[in-house]
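Undergrad: One structure is given below, represented as structure tokens, and several questions about it will come after.
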Amino acid sequence: LMAPRNPLLIAWILQLATISKNISTSFAFSPARDPRSASSSLNMSIGPFPELLVYDMDACLWDKEMYEMPSIPSPNNIVMGDLNGRGNGVIGVMSGQNQISLHKGTLMGLQEHADGQLYPGMKVAFASSADTPKAEKIGRASLKLLEVLPGLTVWDLVVGRDWGGVDHNQIGRQPPLLSSNKALSHFPNLRKATGIRYDRMLFFDDCNWGDHCGMVARGCTEPDTGVGPATVRTPNGLGEKEWRLGLETYAKHATKLMEQSK
């Protein structure tokens, strides 16, 4: 695994550490937990990084809306290019004449996550209210083709590495399991499947079709703290600025939780 070598990134990490200085340093991170485990209680140590990073997909994770795409991408529809200076890989997939690509902040965050050094214990999942079964299939196919690092797809990283091959992602809005309201279906499903508390989550959503961030923050709260996920709206997609803002937002969120638990 490669340590960060970008001086600006190192400086930013030091700045974030300053923001998080009041958070306990006796972190108690663990692999994917049994949802029934007591480790999901408030008594566990609170780290400065989220335990579960949740991405909306369309117009947030990547630059397209899946319901507008005409066809399901295949390995014959990939676009090769530079993966943020980490080598050549799949930077896009074609659906008809449309190229689907990860936003810059998405790729940066997933690469840092893949390196496994900056955010100990953090895992990733997706919460997307894709409109139709076809849109859901296009989204899943794209996740299995787009790469984070050469040879490592988004799906390989999130489903394969983070969850040991188990698909916890909440993609779509087809009843009875999912609806268009992520606070009523997607996040409760994630909470149950992963055992990770709402107040240990960070959620990115473009919110261009409704205030999903607000609905989730208000509607998915823990009974002992009354707090839900930290959220960041990305109306123009998840850029580098939004990625850094998300981590800073969560660090402040965690500080408040630590103070509240005293």
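When the sequence shown is numbered by the numbering used here, its final residue is 252 and no position is left out of the sequence of numbers. Glycine included, each C-beta is placed from N, C-alpha and C at the ideal position.
(1) Taking buried to mean at least 16 other C-beta atoms within 10 Å of its own C-beta, is residue 160 buried or exposed?
(2) Closer than 7 Å to a non-hydrogen atom of the ligand NAP - does that hold for the CB of residue 145?
(3) In three-state terms, what does DSSP make of residue 62?
(4) Which residue spans inside the stretch 161 to 224 form an unbroken beta strand (DSSP E) run of at least 3?
(5) Identify which residue in 246, 147 and 227 has its Cα closest to the Cα of residue 103.
(6) Mind checking whether residue 207 and residue 243 have CB atoms under 8 Å apart?
(7) Helix, strand or coil: how does DSSP classify residue 81 here?
(8) Quick check: what's the CA-CA separation for residue 20 versus residue 214?
(9) For my contact list, residue 96 and residue 228 are in at a C-beta cut-off of 8 Å; report their separation, rounded to the angstrom.
(10) Are residue 116 and residue 205 close, meaning C-beta to C-beta below 8 Å?
(11) Do you know offhand how far residue 137's Cα is from residue 120's?
(12) Tell me the rounded alpha-carbon separation between residue 134 and residue 118.
(13) Relative to the C-alpha of residue 231, which candidate in 155, 99, 65 and 82 has its C-alpha closest?
(14) Take every Cβ of the stretch 75 to 85, pair it with every Cβ of the stretch 47 to 64, and state whether three or more of those distances are shorter than 8 Å.
(15) Following the continuous beta strand (DSSP E) through residue 92, name the residue where it begins and the one where it ends.
(16) So what's residue 67 in DSSP terms, helix, strand or just coil?
(17) Alpha carbon to alpha carbon, how far is residue 150 from residue 199?
TA: If we stick to the structure as given:
(1) buried
(2) As for the ligand NAP, it is missing from this structure, which has no ligand bound.
(3) coil
(4) 191 to 195 and 220 to 223
(5) 147
(6) no
(7) strand
(8) Summary for residue 20: the model assigns pLDDT 37, below 50, so the residue's position carries little reliability; its value from the coordinates is reported in the next sentence. Each residue's alpha carbon lies about 22 Å from the other.
(9) 5 Å
(10) no
(11) Spanning the two alpha carbons is a distance of roughly 21 Å.
(12) 16 Å
(13) 99
(14) yes
(15) Here residue 92 belongs to no beta strand (DSSP E), and DSSP marks it neither H nor E.
(16) helix
(17) 31 Å
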